[in-house]
Amino acid sequence: MAEKRLNIEGTDPLLLFGFNDAFLRKIENAFDETDITARGHQLFLEGRPDDLDALEDVFDELEHVLGHNGNLTEDDVETVLTLHTTGGDGSTAAAAQERPEKRDLVLRTAGGKTIKPKTAGQQRLVESARHHDIAFAIGPAGTGKTYLGVALA
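Residue numbers (my numbering): 264 to 416.
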């Protein structure tokens, strides 16, 4: 087991680690056999050397996203983790195959909320709209037809 220490000066640990360290736990769970300990503005990493290098890249990327957006969302953390845990190639195609729910992403709002299909019918609407110039949707009121249609436009 190797050890590494990361310094996160200039970054608010509360924003980087999430409420009750939720983001930190999610990151730790994404890497088998790693241990992450946060002390102030320092992170102590313990695990396999290749995992520690990937973890350093993950935290660098999250610091960049945090500096750019001013906050982190769970989707930001999941996206960065997906890109860094796909066998090291970082390819978005591999990431989409690894995590199929990311392919369903329709739109991300300015506030960071993701809009994606929640039912099989909505998924069919999204796929139809992506493969055809015109897609018609018929169904009961309040099922998300217009909401998804506007997001896809």
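Cβ atoms here follow ideal geometry from the backbone N, Cα and C, with glycine treated the same way.
Just so you know, these numbers come straight off a predicted model, no measurement behind them.
Residue i vs residue j beta-carbon contact at 9 Å
i: ARG311; j: GLU296; result: yes
i: ASP320; j: LEU308; result: no
i: VAL340; j: GLY273; result: no
i: PHE286; j: LEU306; result: no
i: THR406; j: THR377; result: no
Residue environment, residue i, which counts as buried when at least 16 other CB atoms sit within 10 Å
i: ILE271; result: buried
i: PHE399; result: exposed
i: PRO380; result: buried
i: ALA404; result: exposed
i: LEU318; result: buried
Nearest candidate by alpha-carbon position, reference residue i, set the options
i: THR372; options: LEU335, ALA414 and VAL340; result: ALA414
i: ASN410; options: ASP284, HIS394, GLN386 and PHE286; result: It should be noted that the sequence gives Tyr, not Asn, for residue 410. It is GLN386.
i: ASP313; options: PHE294, HIS331 and ARG302; result: PHE294
Residues of its chain near residue i, where Cβ-Cβ distance is below 8 Å and the 5 sequence neighbours each way are ignored
i: GLU291; result: THR297, ASP298 and ILE299
Those residues which DSSP pairs with residue i across a bridge
i: ALA265; result: GLY310
i: GLN305; result: ASN270 and ARG302
i: ILE378; result: LEU370
Cβ neighbours of residue i in the same chain (closer than 6 Å, five flanking residues each side left out)
i: LEU315; result: ALA265, LYS267 and LEU308
Heavy atom of the ligand PLP within 8 Å of residue i beta-carbon
i: LEU287; result: No copy of the ligand PLP occurs in the structure displayed, which carries no ligand at all.
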